[in-house]
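Read top to bottom, the protein sequences are chains A and B.
Residue numbers for the first sequence follow the numbering used here, so the first one is 4 and each next one is one higher.
Residue numbers for the second sequence follow the numbering used here, so the first one is 4 and each next one is one higher.
Cβ coordinates follow ideal geometry from the N, Cα and C atoms, glycine included.
Please read these numbers as outputs of a predicted model, since none were measured by experiment.
Written below as structure tokens is the structure these notes are about.
Number of protein chains: 2
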Amino acid sequence: MTTPQFNDTLAVHRYGRRLTEVGFDVDRSVAVGSNFMVGNGKLGYRGTSPEQGAADFVALVVADTYDCADGRWRELATAPNPLFVGVMVDGRRLDLAAALSVATSLDLDRGCFVQTVVHRLDDGASITIEVERTASYADLDLLAQRVVVTGDIGTRVLSIDAGVDRELWSLNGTHLPSIDVERGERTITASGTTVESGTEIVVAAIVATTGAVSPVAAPGRSGTNRFESATWDGAPVVVDSIASVVASTEHDRPRERAETAVIRAANAGYDATVAASVQDWTRFWVDNDVSIGGSPLDDAALRFSSYHNRICTPAHTDRLPLGARGLSCQAYQGSAFWDQEIYNLPAFLFTEPEIARSLLVYRHRTLDGARRKAARLGYDGAYYAWISGETGDELCPDVFFTDVLTGREIRNHFNVWQMHVAPDVVTSIARYVGVTNDIDFLVDHGAEIAFEVARFLRSFVRYDDWKGTYHCVRLLGPDEWHENVDDNAFTNYQAHAAIGFAIDTYEQLGRTHPVPFDSLVERLGLTDDEVDRWRHVRDHLVLPAPDAGTRLVEQFDGFFDLEDISPADLAARLIDPSEYWGWPNGIAVRTQVSKQADVAMLMWLHERRFDDAVAAANYDYYEPRCSHNSSLSHAAYGMVAARLGRAHTALQHFRATAAVDLLNTNHAVVAGTFIGGVHTAACGGTVQLAVHGLGGLGADADELLVEPALPDAWTEMIYPVRWRGQRLRVHVSAAEIVVWSNPANDQAVSVRTPAGNSVVDPGTSSSFASRS
Amino acid sequence: MTTPQFNDTLAVHRYGRRLTEVGFDVDRSVAVGSNFMVGNGKLGYRGTSPEQGAADFVALVVADTYDCADGRWRELATAPNPLFVGVMVDGRRLDLAAALSVATSLDLDRGCFVQTVVHRLDDGASITIEVERTASYADLDLLAQRVVVTGDIGTRVLSIDAGVDRELWSLNGTHLPSIDVERGERTITASGTTVESGTEIVVAAIVATTGAVSPVAAPGRSGTNRFESATWDGAPVVVDSIASVVASTEHDRPRERAETAVIRAANAGYDATVAASVQDWTRFWVDNDVSIGGSPLDDAALRFSSYHNRICTPAHTDRLPLGARGLSCQAYQGSAFWDQEIYNLPAFLFTEPEIARSLLVYRHRTLDGARRKAARLGYDGAYYAWISGETGDELCPDVFFTDVLTGREIRNHFNVWQMHVAPDVVTSIARYVGVTNDIDFLVDHGAEIAFEVARFLRSFVRYDDWKGTYHCVRLLGPDEWHENVDDNAFTNYQAHAAIGFAIDTYEQLGRTHPVPFDSLVERLGLTDDEVDRWRHVRDHLVLPAPDAGTRLVEQFDGFFDLEDISPADLAARLIDPSEYWGWPNGIAVRTQVSKQADVAMLMWLHERRFDDAVAAANYDYYEPRCSHNSSLSHAAYGMVAARLGRAHTALQHFRATAAVDLLNTNHAVVAGTFIGGVHTAACGGTVQLAVHGLGGLGADADELLVEPALPDAWTEMIYPVRWRGQRLRVHVSAAEIVVWSNPANDQAVSVRTPAGNSVVDPGTSSSFASRS
């Protein structure tokens with residue numbers, strides 16, 4: 004494994020609290036716009052400069068605006084940009100690409116984008132433009148931006164256009180064929196209706212200025228106002244933009260709602276609007292702030308991941324999915340993959356479990372979509388979509404990649420063969436219930452999901468009635484370069500666990516919650532006979548076992564017969580660097596090179612089924628054969644390394660996972676498809692790998708686990724825990740593990756560490772010697 | 004369907020008895036060499052001119068010489084050419100390409116290649132070279148060739164090199180790394196040993212001349228002798244070459260055998276050697292000659308097919324397969340495909356059933372190879388090879404085609420997924436036993452095959468224990484452009500029939516032949532319980548039924564969801580004309596365009612399961628969507644058309660099938676792989692379509708069927724029948740059907756026609772009014 008190098012353009016200002024990129028590089032436009040975005044789970048606004056436009060990947064992405072404009076891709080719409088501010092001096096626009104200096108920051112504490120740009124004029128005078136911007140967590144409809152223009156100049160003409168830019172960057176088709184602009188007394192309101200789904204999207208903005216400029220009538224962009232000073236002396240001019248965006252899927256009268264919100268916020272003022280949001284960010288960091296000592300860059304990388312893991316999550320509603328690129332752009336359709344359950348959701352389990360719950364309720368709300376998918380493909384029960392939007396129907400089209408060597412479409416089978424997504428939801432429910440003991444959720448939501456997925460799995464597996472074994476035929480496992488495989492070990496184990504959980508739930512709720520259970524069972528038409536069939540599958544499903552000699556689990560039936568070659572040697576066979584390596588005839592298909600963790604996923608998520616020797620053997624075999632071409636890969640390998648006590652190796656995986664966005668190590672376009680934006684799974688994976696992996700946090704029944712593997716580069720690690728209503732703080736160092744219990748807690752907490760167990764009472768702490 | 008046009012270069016001399024191609028076209032070298040070949044089922048000698056060499060695709064292909072020289076392709080070896088004769092006048096070689104005229108013929112009556120080439124010298128004089136050549140059916144080791152050189156010239160120097168040419172055309176590697184030449188008193192003997200299999204191949208030749216030339220010492224090719232006349236006046240000079248070829252797989256001392264044979268034949272002389280073979284050809288035509296009145300070209304095309312169907316068949320042994328290109332070249336490895344059972348074998352059923360039997364005994368002898376294939380792939384029983392040589396082991400490599408757009412290998416799955424080959428053998432046995440009533444064959448050979456294939460099928464099918472149905476998963480049906488399909492209708496019906504036949508055989512032989520039956524069952528470890536499991540599969544295997552409305556049978560699960568486009572429109576998507584259309588990403592994969600008959604195969608081979616309305620609906624749907632890109636396709640569609648009484652359409656298919664080789668309508672190279680040579684399946688298919696289809700010959704239990712569909716273009720059709728020991732002759736015309744029984748017969752024959760039934764006694768005939 005090669006170690007990622009944090010590159011020179013990335014500086015860390017006030018270690019870990021403010022992340023700054025210095026300079027402007029047009030080739031990093033996609034990445035910087037994503038990394039420095041602001042958002043709140045309902046809207047995302049990319050980290051672009053106020054004067055930039057569609058060609059610079061400016062985008063305001065709004066949740067719950069699914070629309071299909073090109074006949075193929077149902078994706079979120081982008082809204083008109085209400086935060087446009089263009090600055091001209093003596094009639095000339097200041098050009099970002101020619102600026103003397105650019106410093107772009109995320110103020111992580113406050114959830115703000117901050118940018119300082121210094122322009123040098125031809126005569127040596129300089130103009131400074133400072134920008135601060137946030138998406139409000141106090142009112143999710145709101146955005147606020149302040150632009151301050153200052154100069155060290157003599158008298159100049161300063162002109163500022165500010166308001167709504169109607170030119171939109173959109174990936175797949177025009178979602179808003181026409182955008183109307185209406186002007187109220189103070190408001191500029193732009194609205195349009197999506198072409199297929201008929202969703203009205205309304206953006207309202209109020210621009211206020213302070214300083215020497217005055218409104219003038221001028222041929223600005225049609226949605227903007229012009230402010231001007233003919234005799235500007237360089238004294239600060241402030242442009243405050245308050246904006247709101249509302250979709251008709253959220254509110255019946257989106258225009259009224261948008262305008263009311265923006266007027267109310269403008270009346271309160273920019274500072275008060277931002278302060279209300281910062282208050283919520285402060286609360287967030289109290290619950291989620293992890294400190295890493297000795298390695299400020301790792302500390303910052305983790306906080307960056309926590310920030311994005313938060314803003315990509317629709318915590319305000321249980322109706323919407325967590326998108327694979329969040330709201331950073333339209334890629335991956337603003338929709339949930341298995342990433343949601345395996346990578347993002349667990350990062351909330353020990354801090355904000357109500358968010359984990361909300362994401363699972365989303366899966367319950369979309370059961371009918373999963374049922375439709377199952378029925379369409381000839382199965383029973385519920386088969387979750389590979390790409391799941393607001394209805395749960397499958398959004399993944401049959402064709403998305405292009406064979407760059409021939410220009411022909413490739414028919415991949417993510418939408419029909421990547422079956423593990425269904426049991427992944429159930430095992431995630433099992434994990435959620437195990438950690439939280441939230442039996443109400445199980446009764447109200449989880450049981451129905453588990454039963455319907457068990458039904459699906461029962462109809463999916465194929466019985467070899469000669470051998471008496473069930474098999475999973477024609478799969479895509481996590482390693483997406485190998486389609487059409489049988490008995491992918493990870494998938495089979497996940498299916499086995501999901502069916503087992505459904506059976507256990509059936510047995511348990513029948514005893515403990517007979518009334519709702521009977522009602523559910525009757526509604527589903529579920530019988531003891533059917534559950535007996537599940538038991539038959541559970542007891543006879545093939546679970547590929549570690550080889551007695553090598554200890555290896557075969558990734559799928561026949562994997563070891565494939566060509567054994569290193570990823571580097573394989574890459575030398577590429578004809579075009581942007582080729583897709585997988586199905587149907589990519590260079591990896593007939594080799595053992597994997598795109599991402601696959602057996603490693605099994606060793607991670609089913610760790611109790613495999614002893615350390617098996618986990619080590621499989622790590623050592625598969626890791627060198629893995630290209631880590633998915634942003635999901637390193638976190639999984641890191642979890643296995645951490646479990647094996649290979650802390651230094653786990654740290655390398657941590658850095659590689661964090662680097663996916665920070666250093667933009669992944670391609671924005673693969674085989675003709677734009678897949679840029681924030682890799683939200685990597686953000687969740689980074690948090691999990693840090694806290695659950697290196698920090699060793701976990702739960703086993705009614706015990707909290709702290710089994711850290713602290714790398715030498717880290718002197719200490721401090722993380723907060725909220726578990727079963729109790730707030731704790733864990734401090735791990737080379738010398739000891741200390742667990743504090745908040746005095747406001749109402750229960751003692753049983754803690755298990757490698758150095759021993761303890762019961763920690765409210766207001767006390769327990770110390771354990773670290774293993775080292 | 005487009006009608007093939009017999010082209011201008013093909014003339015018909017003495018209609019139907021001698022087929023002549025006039026002219027020389029270097030682009031037709033592969034096709035002419037194949038079409039005009041001579042052979043006898045043990046050896047094939049291509050229809051090239053005596054002075055041609057390896058670059059002109061000269062080849063002597065010898066059965067039972069399997070060898071793998073390139074690490075991938077196990078194919079038949081080519082032997083040194085013992086019939087080389089080069090002619091020089093005044094020291095200049097005569098160039099075929101510059102000849103005044105070339106006429107190349109097959110003398111079908113005598114089984115001879117005949118060529119007349121006239122060369123015009125610069126001074127206007129002309130030299131005629133006449134060639135006659137045969138492969139002996141009296142002694143299969145022998146070849147005989149006579150070259151007569153005549154001129155209308157003044158005195159010239161005539162030089163002739165004759166003997167063995169050691170330069171070999173070989174498709175895949177050098178099988179004979181060194182070739183030794185030894186000279187005896189009269190013989191020139193060339194021998195070599197194949198590189199992998201160690202087979203010694205010995206060629207012996209004796210050259211004798213008549214006329215004005217004498218042997219001289221000269222620097223000829225090392226295996227040739229030179230004959231010369233310094234004062235040649237143009238009077239005929241005759242060069243008789245007698246040659247033999249023997250492989251060590253046939254005889255322990257191949258050299259002794261080859262030299263003895265050639266000396267004996269040379270002593271008898273050229274004329275006697277040819278006459279002995281012609282005698283056997285005469286016998287063949289008495290048994291097999293079909294006359295078509297009113298359409299001499301159809302008559303010739305059919306006779307051409309009968310000729311090739313004979314010479315490609317190893318009738319002399321039950322150890323060897325019938326190759327998909329016969330012995331016309333090395334393509335398809337001299338090995339058997341399902342073509343052998345479905346296309347070639349039935350052409351012998353009503354004329355030389357002992358040959359049909361011999362081909363089936365070959366399948367019994369190779370059961371162990373089929374068992375090895377099954378075991379290697381994790382199945383029970385016997386899974387016949389897609390490409391089957393002398394051992395029955397799978398010869399089809401994983402990779403053979405090249406993606407011409409990328410230069411990359413394609414991994415097709417003919418060798419693992421084209422499962423129908425196994426039941427095809429069994430249904431062919433069922434058909435053979437049904438026509439011949441040869442129960443001894445069933446006891447000695449057929450039963451074991453049927454039982455082992457049933458075992459295989461039972462382990463292949465997958466049980467859906469929810470629906471209670473068995474399915475065939477991951478198939479290649481006859482239409483090879485659609486790999487990885489489920490429940491291909493043809494395959495499922497064939498599997499169902501094969502299992503049913505195994506069960507019936509088990510029940511029948513247990514009663515009628517208890518002693519050999521018990522012995523077989525004990526040897527195979529077969530129990531009643533196991534046969535009960537076969538019954539369960541037979542009774543629950545999914546058999547895709549015609550849709551109640553459209554009457555269509557879906558080619559495989561999901562076929563009708565594929566894009567519906569015509570083959571012509573689809574072809575417009577080709578980037579390179581030599582692209583492979585199928586797996587993994589060829590242009591046909593995601594469309595309903597088929598390479599060849601598939602559901603039509605079902606309508607043909609299971610005709611009694613589908614009424615005429617169903618057969619018609621499926622013909623009408625699938626035929627326009629079929630590209631007929633396989634030489635197997637038209638015969639199947641033609642059989643369905645004939646069954647429906649669509650005689651004119653069936654005739655078009657007949658002509659298209661016959662045209663495959665006659666007009667060279669198929670590519671010799673597809674996606675980088677040479678697949679030229681005689682399409683033996685098309686030859687068998689042509690004969691079947693003529694006699695069984697248009698001529699209506701068949702059998703149902705103990706009745707002979709004559710249910711013709713005579714096209715308007717044919718005034719009459721006369722064909723011989725040898726059935727259950729009785730010789731008959733059938734005469735079909737528009738007015739009537741007449742069946743003659745040979746006076747030497749010993750039994751009356753029950754005949755069923757559309758116009759009525761009759762019992763025909765020996766020496767009598769019955770007439771029926773034709774349906775019209």
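Identity of the residue in the options nearest residue i by Cα
i, options, result
"B/Asp-2", "B/Glu-355, B/Pro-746, B/Glu-344", "Here chain B covers residues 4 to 775 and nothing more, so residue 2 of chain B does not appear."
"B/Ala-72", "B/Ser-32, B/Gln-336, B/Cys-115, B/Asp-703", "B/Gln-336"
"B/Arg-732", "B/Ile-740, B/Gly-154, B/Val-643, B/Pro-723", "B/Pro-723"
"B/Val-29", "B/Asp-59, B/Lys-45, B/Ala-425, B/Pro-53", "B/Asp-59"
"B/Ile-568", "B/Glu-626, B/Leu-380, B/Pro-257, B/Ile-358", "B/Glu-626"
"A/Leu-22", "A/Val-364, A/Leu-109, A/His-254", "A/Leu-109"
"A/Gly-226", "A/Gly-201, A/Val-240, A/Arg-186, A/Ser-200", "A/Arg-186"
"A/Tyr-509", "A/Asp-601, A/Asp-532, A/Asp-564, A/Leu-555", "A/Asp-532"
Cβ neighbours of residue i in the same chain (closer than 6 Å, five flanking residues each side left out)
i, result
"B/Ile-590", "Leu-573, Arg-576, Trp-584"
"B/Ser-247", "Asp-144, Leu-145, Ala-207, Ala-261, Ala-264, Val-265"
"A/Thr-107", "Glu-24, Phe-39, Gln-118"
"B/Asn-632", "Lys-598"
"B/Val-476", "Arg-465, Asp-489"
Cβ shell of residue i (< 7 Å), same chain only, five flanking positions each side left out
i, result
"A/Ile-295", "Asp-301, Asp-302, Leu-305, Trp-717, Met-720"
"A/Asp-447", "none"
"A/His-367", "His-448, Glu-451, Ile-452"
"B/Trp-284", "Asp-112, Arg-113, Gly-114, Tyr-140"
"A/Val-61", "Arg-49, Thr-51, Gln-55, Asn-84, Trp-172"
Any C-beta of chain B under 8 Å from that of residue i
i, result
"A/Pro-7", "Residue confidence is low: A/Pro-7 scores 44 on pLDDT, short of 50, so the model does not pin down where it sits. No coordinate-derived value is stated."
"A/Asp-11", "Interpretation of A/Asp-11 is limited by its pLDDT of 42, a score under 50 that renders its predicted location unreliable; the figure taken from the coordinates is listed afterwards. For A/Asp-11, the answer is no, since every Cβ of chain B falls outside 8 Å of its Cβ."
"A/Tyr-466", "yes"
"A/Ser-597", "no"
"A/Asp-406", "yes"
"A/Ile-413", "yes"
"A/Trp-172", "no"
Same chain, Cβ closer than 8 Å to residue i, five either side skipped, listed in chain order
i, result
"B/Asp-383", "Ala-377, Arg-458, Phe-459, Arg-461, Ser-462"
"B/Ala-500", "Pro-426, Val-429, Thr-430, Ala-433, His-609"
Below-8 Å beta-carbon distance, residue i vs any chain A residue
i, result
"B/Pro-547", "no"
"B/Leu-573", "no"
"B/Trp-484", "no"
Local Cβ density within 10 Å of residue i, reported as buried at 16 or more and exposed below that
i, result
"A/Ile-390", "buried"
At 3 residues or longer, and completely inside the segment 657-718 of chain B: list those beta strand (DSSP E) runs for me, N to C. Annotation note: the segment 657-718 of chain B contains the following uninterrupted beta strand (DSSP E) runs of length 3 or greater, listed N- to C-terminal: 700-703, 706-709.
Only counting runs of 3 or more residues, tell me where the beta strand (DSSP E) segments fall wholly within the segment 179-260 of chain A, in order along the chain. Listed in chain order, they are 183-186, 190-196, 203-213, 217-219, 227-235, 240-250.
Where are the alpha helix (DSSP H) runs, 4 residues long or more, that stay fully inside the segment 405-483 of chain B, in chain order? Fully enclosed alpha helix (DSSP H) runs of 4 or longer: 417-420, 424-439, 450-463.
As an exercise, report each continuous alpha helix (DSSP H) stretch of at least 4 residues that is fully enclosed by the segment 535-610 of chain A, in chain order. Complete alpha helix (DSSP H) runs here, min 4: 570-574, 602-608.
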